[in-house]
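Participant: Residue numbers for the sequence shown follow the working numbering, so the first one is -9 and each next one is one higher. Here it is, the structure, as structure tokens.
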Amino acid sequence: MSTRELPAGIAELSKAELHVHLEGSVRPAIAATLAKRHGITLTEADVQQRYAYTNFNQFIDAFKWVTSFLREPADFALIACDFAQQLIAQNVTYAEVTLSVGVMLLRHQNPQANFEAILAATEPFESKGLRLNWIFDAVRQFGPDRAAEVVDWARLCHSPRIVAFGIGGDELQVETKQFRRVYARAAEAGLRRLMHAGEVGGPEKIREAIELLGVERVGHGIAAFRDPALMDLLAERRIVLEVCPASNFRTGALASQLRNPEPSIRDHPLPQFVRHGIAVVLSTDDPSMFHTSLREEYAHAHAMGLRDSELAQMVENGFTYSFLARQERHKLHFRPA
Ligand SMILES: [Zn+2]
-9 MSTRELPAGI AELSKAELHV HLEGSVRPAI AATLAKRHGI TLTEADVQQR
41 YAYTNFNQFI DAFKWVTSFL REPADFALIA CDFAQQLIAQ NVTYAEVTLS
91 VGVMLLRHQN PQANFEAILA ATEPFESKGL RLNWIFDAVR QFGPDRAAEV
141 VDWARLCHSP RIVAFGIGGD ELQVETKQFR RVYARAAEAG LRRLMHAGEV
191 GGPEKIREAI ELLGVERVGH GIAAFRDPAL MDLLAERRIV LEVCPASNFR
241 TGALASQLRN PEPSIRDHPL PQFVRHGIAV VLSTDDPSMF HTSLREEYAH
291 AHAMGLRDSE LAQMVENGFT YSFLARQERH KLHFRPA
């Protein structure tokens, strides 16, 4: 990916980050520290080697691997604290952070204990200008019963900081309609609804997530460019696409959507979405695992040919389409950097 510099007027704006996985923010040095805690020798170079993929399944394997070092609540506290510092360094004043509760349950951990450690580690950053809310995320390929347990844990934690429920993982597995009951339960629990769709799957996955599950924001959704009627629907209903360019290049998702093994930065559909009137928020997905940052994602969007006014609109969208109350949105958006 070739990129240009980010215009200063965009770089200095306070930003919101709405699609970012805590577990994908683990820097190599932190992964090595975690491994050491558990008696495993791992160098930063070893981690760097695992953070390189040529396809989506290799990325999923690396994600599983790095999360295998997250064993105790204190491990989650360590990565959350480091993540908060990464956000502050980039003028991020607000983030909705995805937590892989589905993976915690797979490993027989107590999500409430992990979550409480994360909250305790990150709340001190509020006085430094960073507000965080959380999205409890299930793993699609584990099926609807496991996903329902994630909703139950969100209920049990009973925290106003848990704002939404989502599903990620392999969207080519398990039919969307099987999650209907789970999303109904999430809505009853007062959670906002999200889903990763149209990342490696086709545009029909996006449509199903909207029509069958009532999602308000779609993780990635890049397949939408293949279906003009779907682009109209997204624009009309103000369904938000959380677009993560570096991720799309590094997992090979964009290459497979375009059926072009080596797409260039100009081939990304982001400008098409913006100019079609679709609300887009720019995000990093897994910043350490994709060697990116929110600042770099704006530079990528700039390199795609988006004008300064369009970039500024995406910055504003990060607050407008967050799950914050209007008053809070305003406070965090206009906080001096
Ligand atoms: Zn994601």
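Ideal placement from N, C-alpha and C gives every residue a C-beta, glycine not left out.
Measuring alpha carbon to alpha carbon, tell me which of Ala107, Gln102, Asn238 and Arg319 ends up nearest histidine 148.
Facilitator: The count along the sequence shown starts at 1 and reaches residue 148 at position 158. Ranking the options by Cα distance to histidine 148, first place goes to Gln102.
Participant: Should glycine 209 be listed as close to ligand 1, given that the test is whether its C-beta is under 6 Å from any heavy atom?
Facilitator: What you label residue 209 is simply residue 219 of the sequence shown in a count that begins at 1. Indeed, a heavy atom of ligand 1 lies less than 6 Å from the Cβ.
Participant: List, from N- to C-terminal side, the beta strand (DSSP E) runs of 3 residues or more that fit wholly inside the segment 217 to 284.
Facilitator: If we require 3 residues or more, the beta strand (DSSP E) runs fully inside the segment 217 to 284 come out as 230 to 233 and 270 to 272.
Participant: For serine 237, which residues of its own chain have a beta-carbon under 6 Å away from its beta-carbon, when the five flanking residues on both sides are left out?
Facilitator: The residue labelled residue 237 in the question sits at position 247 within the sequence shown. Cβ within range, chain order: Asp275 and Phe280.
Participant: Since leucine 296 contacts valine 264 with CB under 8 Å, what's their CB separation in whole angstroms?
Facilitator: For the purposes of this step, residue 296 is taken as residue 306 along the sequence shown, with counting starting at 1. For the purposes of this step, residue 264 is taken as residue 274 along the sequence shown, with counting starting at 1. Confirmed, Cβ separation roughly 6 Å.
Participant: Tell me arginine 182's beta-bridge partners as DSSP assigns them.
Facilitator: Along the sequence shown, read from residue 1 onward, the residue named residue 182 stands at position 192. DSSP output for arginine 182 lists Ala154 as bridge partner(s).
Participant: What does a CB cutoff of less than 8 Å around threonine 23 pick up in its chain, not counting 5 residues either side in sequence?
Facilitator: As a first step, residue 23 must be located in the sequence shown, where it is residue number 33. Excluding residues within five positions, the ones whose Cβ falls inside 8 Å are Leu68.
Participant: Have a look at Ala302, Ala(-2), Ala1 and Ala42 and flag the residue whose alpha-carbon is nearest the alpha-carbon of proline 328.
Facilitator: The structure shown does not extend to residue 328, since the chain spans only -9 to 327, so no value can be given for it.
Participant: Please go through the same chain and pick out, in chain order, the residues whose beta-carbon is closer than 8 Å to the beta-carbon of serine -8, but skip the five residues on each side of it.
Facilitator: Residue -8 sits at position 2 when you count from the first residue of the sequence shown. Any reading at serine -8 must be qualified, since the residue scores a pLDDT of 47, below 50, and its modelled position is unreliable; the value itself is stated next. Excluding residues within five positions, the ones whose Cβ falls inside 8 Å are Ser254, Ile255 and Ala293.
Participant: With a threshold of 6 Å, establish whether the CB of aspartate 275 neighbours any heavy atom of ligand 1.
Facilitator: Locating residue 275 in the sequence shown gives position 285, where the first residue counts as 1. Because some heavy atom of ligand 1 lies under 6 Å away, the Cβ of aspartate 275 counts as near it: yes.
Participant: For tyrosine 84, collect the residues of the same chain with a Cβ closer than 6 Å to its Cβ; drop the 5 residues on either side in sequence, then sort them by chain order.
Facilitator: Numbered from its first residue, the sequence shown carries residue 84 at position 94. Contacts found: Ala6, Arg121 and Leu322.
Participant: What residues in its chain sit with their C-beta under 7 Å from that of phenylalanine 126, if we drop five residues either side in the sequence?
Facilitator: As a first step, residue 126 is located in the sequence shown; it is residue number 136 there, counting from the start. Once the five neighbours on either side are set aside, the close Cβ partners of phenylalanine 126 are Leu89, Val91, Val140, Trp143, Ala144, Ile152 and Phe155.
Participant: Are the segment 198 to 211 and the segment 179 to 190 in contact at 8 Å, needing three or more beta carbon pairs?
Facilitator: The answer is yes - the segment 179 to 190 touches the segment 198 to 211, with three or more Cβ pairs under 8 Å.
Participant: Alpha carbon to alpha carbon, what distance is there between leucine 77 and cysteine 71?
Facilitator: Stepping through the sequence shown from its first residue, residue 71 is reached at position 81. Stepping through the sequence shown from its first residue, residue 77 is reached at position 87. Each residue's Cα considered, the two are about 10 Å apart.
Participant: What do you reckon, are the CB atoms on serine 15 and asparagine 81 nearer than 7 Å?
Facilitator: For the purposes of this step, residue 15 is taken as residue 25 along the sequence shown, with counting starting at 1. For the purposes of this step, residue 81 is taken as residue 91 along the sequence shown, with counting starting at 1. No. Outside cutoff.
Participant: Consider the C-beta atom of alanine 154 and the heavy atoms of ligand 2; say whether any pair is separated by less than 6 Å.
Facilitator: By its list of ligands, the structure shown excludes ligand 2, since it contains just ligand 1.
Participant: Give the straight-line distance between the Cα atoms of aspartate 298 and phenylalanine 53, rounded to the nearest whole angstrom.
Facilitator: Sequence index remark: in the sequence shown, residue 298 carries index 308 (1-based). Sequence index remark: in the sequence shown, residue 53 carries index 63 (1-based). Each residue's alpha carbon lies about 34 Å from the other.
Participant: Are the beta-carbon atoms of alanine 74 and phenylalanine 115 separated by less than 7 Å?
Facilitator: The residue you call residue 74 lines up with position 84 of the sequence shown. The residue you call residue 115 lines up with position 125 of the sequence shown. Their beta carbons are under 7 Å apart, which means alanine 74 touches phenylalanine 115 by this criterion.
Participant: Give me the residue from Asp217, Met304 and His320 with the minimum Cα distance to leucine 8.
Facilitator: If you number the sequence shown from 1, residue 8 lands on position 18. Here the closest residue by C-alpha is Met304.
Participant: Within this structure, are the beta carbons of alanine 269 and arginine 228 separated by less than 7 Å?
Facilitator: Taking the sequence shown and counting its residues from 1, one reaches residue 269 at position 279. Taking the sequence shown and counting its residues from 1, one reaches residue 228 at position 238. Yes.
Participant: Report, in whole angstroms, the separation of the C-beta atoms of glutamine 168 and proline 134, which I expect to be a contact under 8 Å.
Facilitator: For the purposes of this step, residue 168 is taken as the residue at position 178 of the sequence shown. For the purposes of this step, residue 134 is taken as the residue at position 144 of the sequence shown. Rounded, the Cβ-Cβ distance is 5 Å, consistent with contact.
Participant: In terms of residues, what are the limits of the alpha helix (DSSP H) holding leucine 95?
Facilitator: Position 105 of the sequence shown, counting from 1, holds the residue named residue 95. From DSSP, the alpha helix (DSSP H) with leucine 95 extends over 91 to 96.
Participant: Cβ of glycine 156 versus every heavy atom of ligand 1: is any distance shorter than 6 Å?
Facilitator: To locate residue 156, count along the sequence shown from 1; it is residue 166. No; taking the cut-off as 6 Å, the Cβ of glycine 156 has no heavy atom of ligand 1 nearer than that.
Participant: If we count the other Cβ atoms within 10 Å of its Cβ and call it buried at 16 or more, is alanine 327 buried or exposed?
Facilitator: Residue mapping note: residue 327 aligns to position 337 of the sequence shown, counting from 1. A caution first: alanine 327 carries a pLDDT of 49, below 50, which makes its placement in the model too unreliable to give a value.
Participant: If we require 3 or more residues per run, which beta strand (DSSP E) segments fall completely within the segment 37 to 75?
Facilitator: Listed in chain order, nothing qualifies, since the segment 37 to 75 has no complete beta strand (DSSP E) run of 3 or more residues.
Participant: So, with DSSP's three-state summary, where would you put lysine 5?
Facilitator: Start at 1 with the first residue of the sequence shown, and residue 5 comes out as number 15. Correct three-state label for lysine 5: strand.
Participant: DSSP has threonine 88 in a bridge; who is on the other side?
Facilitator: Translated into the one-based positions of the sequence shown, residue 88 becomes position 98. The partner list for threonine 88 (beta bridge, DSSP) reads His11 and Ile125.
Participant: If you draw a straight line from the C-alpha of glycine 159 to the C-alpha of threonine 31, how long is it?
Facilitator: The residue you call residue 159 lines up with position 169 of the sequence shown. The residue you call residue 31 lines up with position 41 of the sequence shown. Roughly 28 Å between the two C-alpha positions.
Participant: Which full runs of the beta strand (DSSP E) of 3+ residues lie inside the segment 162 to 212, going along the chain?
Facilitator: The qualifying runs are 182 to 187 and 207 to 210.
Participant: Give a yes or no on whether the C-beta atoms belonging to leucine 12 and valine 93 are separated by under 7 Å.
Facilitator: Position 22 of the sequence shown, counting from 1, holds the residue named residue 12. Position 103 of the sequence shown, counting from 1, holds the residue named residue 93. Their beta carbons are not under 7 Å apart, which means leucine 12 does not touch valine 93 by this criterion.
Participant: Label leucine 162 either buried or exposed according to how many other C-beta atoms from any shown protein chain fall within 10 Å of its C-beta, with 16 as the threshold for buried.
Facilitator: Sequence index remark: in the sequence shown, residue 162 carries index 172 (1-based). Label assigned to leucine 162: exposed.
Participant: In whole angstroms, give me the CA-to-CA distance for serine 273 and valine 233.
Facilitator: Position 283 of the sequence shown holds residue 273. Position 243 of the sequence shown holds residue 233. So the alpha carbons of these two residues sit roughly 6 Å apart.
Participant: When you compare the CB positions of histidine 266 and alanine 302, do they come within less than 7 Å of one another, or not?
Facilitator: Along the sequence shown, read from residue 1 onward, the residue named residue 266 stands at position 276. Along the sequence shown, read from residue 1 onward, the residue named residue 302 stands at position 312. No, Cβ-Cβ distance for histidine 266 and alanine 302 is not below 7 Å.
Participant: Apart from the five residues on each side of it in sequence, which residues of its chain come closer than 6 Å, Cβ to Cβ, to aspartate 222?
Facilitator: On the sequence shown, residue 222 is found 232 positions in, with the first residue counted as 1. No residues qualify anywhere along the chain.
Participant: Got a sec? Which residues, its chain only, sit under 7 Å from glutamate 34 by beta carbon, not counting five neighbours each side?
Facilitator: Working through the sequence shown from its first residue, we reach residue 34 at position 44. Hits under 7 Å: Pro18, Ala19 and Ala22.
Participant: What is the residue span of the alpha helix (DSSP H) that glutamine 102 lies within?
Facilitator: Position 112 of the sequence shown, counted from the start, is the residue given in the question as residue 102. Counting along the chain, the alpha helix (DSSP H) containing glutamine 102 begins and ends at 101 to 112.
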